[in-house]
Amino acid sequence: MAAALNGKWEIYSSENFENFMKAIGVTPENIEKATKALDANSKLTHEISGSGNSWSIKTTTIMGEKEIKFNLGEEFSTATLDGRPVKVTFTLEGDKLVEVQKGDGFESRNERSVSGGELVAIMSGNGVSCTRKYKKI
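When the letters of the sequence shown are read in order and numbered with full-length UniProt numbering, they come out as residues 1 to 137.
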């Protein structure tokens with residue numbers, strides 16, 4: 001159920017994230033920064049809040065905070081964490097919160113779901129996938 005996504009989640013596992021970032025066009029310099037700020041030991045958190053069509057995700061890293069508010073099924077403009085402009089649409093597919101990002105030269109699909117008490121994010125783009133896991137705090 002999508003309500004299980006609500007809460008504050010802290011990352012503890014990240015597999016193949018660097019290769020995923022390369023695949024979607026993140027520069028080597030920004031990959032190095034992202035590895036420090038977003039890896040499994042970084043204390044990165046996502047605070048997810050959703051009800052009906054209205055949702056928000058607040059991401060907190062050592063670099064600062066970013067919050068996005070959105071309605072399911074409505075495309076909006078924002079920027080990736082490395083500053084590239086993207087068009088984003090969120091939908092619910094069963095119990096998964098699915099985020100599709102479309103930017104210059106890439107498209108990524110990020111699926112978030114709760115399994116066994118942990119938030120699992122599977123991110124894929126340009127033929128490369130990574131899996132990131134979070135515990136509820």
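Yeah, the Cβ is synthetic: ideal placement off N, Cα and C, and Gly gets one too.
Less than 8 Å between the CB atoms is what I'm expecting for Lys133 and Ser42, so what's the real figure, rounded?
-> The Cβ separation is near 13 Å, so there is no contact.
In terms of residue numbering, what span does the alpha helix (DSSP H) encompassing Ile79 cover?
-> In the sequence under discussion, the amino acid at residue 79 is Ala, which differs from the Ile named in the question. Not the alpha helix (DSSP H): Ala79 falls in the beta strand (DSSP E), residues Phe76 to Ala79.
For Glu55, the nearest candidate out of Thr80, Leu92 and Lys36 (CA to CA) | Sequence check: residue 55 is Trp here, not Glu. Out of Thr80, Leu92 and Lys36, Leu92 has the C-alpha closest to the C-alpha of Trp55.
Is Ile62 buried or exposed, if buried means 16 or more other CB atoms sit within 10 Å of its CB?
-> exposed
Apply the 10 Å Cβ neighbour rule to Ala23 and answer buried if 16 or more other Cβ atoms are within range, or exposed otherwise.
-> buried
Contacting residues, own chain, Cβ-Cβ under 8 Å from Glu75 (five flanking each side not counted) = Lys87, Val88 and Thr89
Tell me the DSSP bridge mates of Gly50?
-> In the DSSP output, where bridge partners are listed per residue, Gly50 has Trp55.
Looking at the unbroken alpha helix (DSSP H) that takes in Leu38, where does it start and where does it end?
-> Pro28 to Leu38
Taking the C-alpha atoms as reference points, what is the distance between Met21 and Leu119?
-> 20 Å
Classification of Asp80 by the beta-carbon crowding that lies within 10 angstroms, buried from 16 upward = Per the sequence shown, residue 80 should be read as Thr rather than Asp. Its Cβ being crowded by 16 or more others within 10 Å, Thr80 is buried.
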